[in-house]
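In what follows, a single structure is set out as C-alpha cells and then discussed.
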Amino acid sequence: MVARVLRVLRGTLRAAAAGRRFSTRLARASAMDYQDAIRTLNTLQTNASYLEQVKRERSDPQAQLEAMRGFLERSGLKVEDLDQLNIIHVTGTKGKGSVCAFTERILRNYGLKTGFYSSPHLVQVRERIRINGQPISKELFSKYFWLVYNRLEKTKDPVRASMPAYFRFLTIMAFHVFLQEKVDLAVVEVGIGGAYDCTNIIRAPVVCGVSSLGIDHTSILGDTMEKIAWQKGGIFKPGVPAFTVAQPERPLEVLRDRALERECPLYLCPELDAFEGDPETLELGLAGAHQRSNAALALQLARTWLQRHGCQDLGELKEVLPSAELAGRPVLLAPAFRPTDAMIQGLRDTEWLGRTQVLPHGPVTWYLDGAHTTSSIQACVRWFRQAVLNQDKPHDGSEVRVLLFNATGDRDTAALLKLLLPCHFDYAVFCPNFTDLSMAINVDQQNFNVTLENALTRCLENQRMWTQLLEEKGGQDPWLPVPLRAGGLLQPAPARGTLLLVPPAPRPLNSPALVFPCLAQALRWVAQGRDPHLAAPAATGAHPHPAASSGAVLLREAAAIHVLVTGSLHLVGGVLRLLDPALSQ
111 MVARVLRVLR GTLRAAAAGR RFSTRLARAS AMDYQDAIRT LNTLQTNASY LEQVKRERSD
171 PQAQLEAMRG FLERSGLKVE DLDQLNIIHV TGTKGKGSVC AFTERILRNY GLKTGFYSSP
231 HLVQVRERIR INGQPISKEL FSKYFWLVYN RLEKTKDPVR ASMPAYFRFL TIMAFHVFLQ
291 EKVDLAVVEV GIGGAYDCTN IIRAPVVCGV SSLGIDHTSI LGDTMEKIAW QKGGIFKPGV
351 PAFTVAQPER PLEVLRDRAL ERECPLYLCP ELDAFEGDPE TLELGLAGAH QRSNAALALQ
411 LARTWLQRHG CQDLGELKEV LPSAELAGRP VLLAPAFRPT DAMIQGLRDT EWLGRTQVLP
471 HGPVTWYLDG AHTTSSIQAC VRWFRQAVLN QDKPHDGSEV RVLLFNATGD RDTAALLKLL
531 LPCHFDYAVF CPNFTDLSMA INVDQQNFNV TLENALTRCL ENQRMWTQLL EEKGGQDPWL
591 PVPLRAGGLL QPAPARGTLL LVPPAPRPLN SPALVFPCLA QALRWVAQGR DPHLAAPAAT
651 GAHPHPAASS GAVLLREAAA IHVLVTGSLH LVGGVLRLLD PALSQ
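First residue of the sequence shown? That's 111 in the working numbering, and the numbers climb one at a time after it.
Structure (C-alpha cells):
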C-alpha cells in the first residue's frame, strides 16, 4: 500500500515538474512572441510609404481621417462598430491623460469593465492599451497585434500606403482589443490635436472632454492658443455633451464657437471646490494643485456617462448655476454635485505613473513628472518645491538638489529651463531618453526616428542654454565660478566601450551642467551607489568634467538628495524602467 502511494506521488511529482517545464517553455515562447511583435511594430515608425503619405496629406488633413478609416476597414472593422464601445473621448494640451485615469478609475468602481487607450507608454508598449486599469498581458498583446498586422498585410494596396504608422496601428489594435474583450466602455485619449487625430474616426462617443489648453506641437496644430483650441474642438460631435475646464477667454470662445458649429452642447466645469462639502476636501491619488481641475472634469465625464446609461447612483446635484456670458454669447456652466462614495474612492485610488510621482529610495528621493510645456513645467515646479518642503529635513541640513532634464520635438527648451531656475538646483544633468547605449536591449523603448548623435547634440544645446541662463541670473549659483561657453566632444572611455562627454581643454571648468550619453550612466552618477536599485558608478572611465568629481563627493556625503526628472514623458519612462525593474516584467 505504501509503495503504491509512493509510486503515485512520484508520478504526480514528475507530471508537475514536466508541467512546470512546459509552462516555462510557454512563457519563454510568449515572451519571444511579444518581442517579435514589438520589433515588427517598431518598423512602422519609419515606414517609407507612410512618409510619402504624410506629404500628400499635409495639404489635406481630412485625408488623414479617410486613410485611417481605410486601414480600419482593412483590419476587419467598420467605423460603426466603434459605437458599441461607449467611448469617452478626451483631448487637451495638459492633463488629458490624468483626466482619463481619474475617469476610468471612477467608472471601474461602479463594477464596469473598462478599456483605456493612452499615449505615450513609459516602459512597455502594452501600457497604452489597458483593461480594468491594467496593461493587457504580453499574450493578449501578441494575439491582437498579429491578428491586425496579418490582416493589413494581406490587403496591401500597391498605390497607397500599405501599412498604418505606429500610432495609427496601435489605435486600430486597441479598438479590436476592446471590442473582442467586451469592455463596457472605453476611455480614449487623443494623440495630438483632435480634429485630424486618428482617434477622431470615433463618430458617436457618449461624452467628450477638453482639459487645459496650452502651446504644444506648434508645427502641427498652430502657433496660437486659438488655433490649438480649434483643433481640440474638432472632437465635438452633434448632440454629444462636452465638458471643459477654465480656459483663457479667447481659446474658450473658439471652443464655444466650434461647439455651436458642430451642434454640440458644451459645458464649463466648476472648480473642484464646488464638489466638496464643508469642511470635507476630496483626496486625490495624483499629487499637485493642478490635478484638481483634472479631477473636476473627470467627475463630470463619469457622471454624464453613468447618467446616459441609466445609472441612478449619480450624486445629489447642488445649486444649478446660470450661464456665463462670453463675448455676448452664453457658455453653459455644468452643475456641481455631491460625489458618490464610488467617485470619492475612485479619485483617491487613481494611479498614473510618471505624473507628480515620488519614489523615495533611501537618502535619494526621485520626483518624476513628464511635464513638457511651459504651463505644465510651471505646475511641476510648484509641486516639486512643495513636495521637497514636505520631506523631513536631515539633522545636519546637507541636501543636494539635482535636475535631470531632456526635451524632444519642437519645444522651446530655453523657456522650459528658465522656469526651472527657482528650484535652485545644485546640479543640472542632461541626457537622451535612451536607458542604455545598447538600445537594442529594450525593444519597447526603441525610437528609430531619433539618432543618438542628434539626441546628444540636443543635450549639449540644453547644457549651454542652462549655463547661459545661470549667467544671466547673475552668477548666483555657487557651482558656476567659470561659465561654460563651449560644448564638449564625445570620446570613447578607456576599456569600457562607452561614450563620455569631454569638455574642451584647456579651459578650467566647474559648471553644474553635465551631459551623459544615456540614463543608466546619469542615474548612477546622481545616486553614487546610495540607491539600492542602481549600481555604483564605475571607478574607471569616470566623467572627465571637473564638477563631476567634486559633485560625486557631495552626493556621497549628503544626508538627502532630491532629484527632479522632467521635460519628457519618454525620459521619465526610461528612468522608471531603471528604478523599478518590475515594470519591465
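For each residue, glycine too, the CB sits at the ideal point set by N, CA and C. In this text, all values refer to a predicted model and were calculated from it rather than measured experimentally.
Query                                                                                                                                               : Result
If the criterion is Cβ atoms closer than 8 Å, does the pair A299 and S403 meet it?                                                                  : The amino acid occupying residue 299 in the given sequence is Glu; Ala does not appear at that position. Against a cut-off of 8 Å, the Cβ pair of S403 and E299 comes out as no contact.
When you compare each of A637, N242, E381 and E426 to W476 by their alpha carbons, which one comes out closest?                                     : A637
Excluding the 5 residues flanking V682 on each side, which residues of the same chain have their C-beta closer than 6 Å to its C-beta?              : G464, L478, G480 and V675
Using CA atoms only, rank isn't needed, just tell me which of Y220, G677 and I311 is closest to F515.                                               : G677
Report yes or no: do the region 383 to 403 and the region 333 to 345 share at least 3 C-beta pairs separated by less than 8 Å?                      : no
Could you tell me which residues DSSP puts in a beta bridge with H199?                                                                              : V298 and C318
Name the two residues that bound the continuous alpha helix (DSSP H) containing E359.                                                               : E359 to E371
Look up Q467 in the DSSP assignment and give the residues it is bridged to.                                                                         : L478
Please name the residue or residues paired with P245 in a DSSP beta bridge.                                                                         : R240
Distance, Cα to Cα, A623 vs A211?                                                                                                                   : 35 Å
Quick one: using the 10 Å Cβ neighbour count with 16 as the cut-off for buried, is E214 buried or exposed?                                          : buried
Tell me, please, which residues DSSP counts as bridged to K204.                                                                                     : S322
Do Q244 and S694 have their CB atoms nearer than 8 Å?                                                                                               : no
Considering only C-alpha positions, which residue in the set D502, P315, T281 and K204 is nearest to G349?                                          : P315
Tell me the DSSP bridge mates of T676?                                                                                                              : F515
If you drop the 5 nearest sequence neighbours on each side, which residues of the same chain put their C-beta closer than 6 Å to that of A446?      : P380, A384, F385 and K428
How close, in whole Å, do the beta carbons of L629 and V685 come, if the pair is a contact with beta carbons under 8 Å?                             : 6 Å
Which ranges would you report for the alpha helix (DSSP H) in the region 385 to 416 if only whole runs of at least 4 residues count?                : none
Around the C-beta of H655, are 16 or more other C-beta atoms found within 10 angstroms, so that it is buried, or is it exposed?                     : buried
Quick one: what does DSSP say V625 is sitting in, helix, strand or coil?                                                                            : strand
Does the Cβ-Cβ distance between C533 and C569 come in under 8 Å?                                                                                    : no
In the structure shown, what three-state DSSP assignment does Y254 receive?                                                                         : helix
Looking at L579: is its Cβ nearer than 8 Å to the Cβ of L527?                                                                                       : yes
Which word fits S660, buried or exposed, when buried means at least 16 other C-beta atoms lie within 10 angstroms of its C-beta?                    : exposed
Skipping 5 residues on each side, what residues in its chain have a beta carbon closer than 7 Å to that of W256?                                    : A147
With a CB to CB cut of under 6 Å and the five nearest residues on each side skipped, what residues in its chain are close to G585?                  : In this prediction, G585 scores a pLDDT of 48, lower than 50, which makes its location untrustworthy; no coordinate-derived value is stated.
Using the Cα positions of I487 and A525, report the straight-line distance between them to the nearest angstrom.                                    : 10 Å
To the nearest angstrom, how far is the alpha carbon of A646 from that of E667?                                                                     : 14 Å
Would you report the Cα separation of E336 and D423, rounded to the nearest angstrom?                                                               : 38 Å
Measure the CB-CB distance between L529 and T577 and report whether it falls below 8 Å.                                                             : no
Which of the three DSSP states, helix, strand or coil, is assigned to T265?                                                                         : coil
Pick from A339, K223, K266 and G319: whose alpha carbon is nearest that of L295?                                                                    : K223
Alpha carbons only, please: which of I312, L182 and G425 is nearest the one belonging to A275?                                                      : L182
Since Q174 and C308 are thought to touch, with beta carbons under 8 Å apart, how far apart are those beta carbons, to the nearest angstrom?         : 7 Å
So, at 7 Å on beta carbons, what are the nonlocal neighbours of R511 in its own chain, with the 5 sequence-adjacent residues on each side left out? : C533, H534, F535, D536 and H672
Classify T354 as helix, strand or coil using the three-state DSSP reduction.                                                                        : strand
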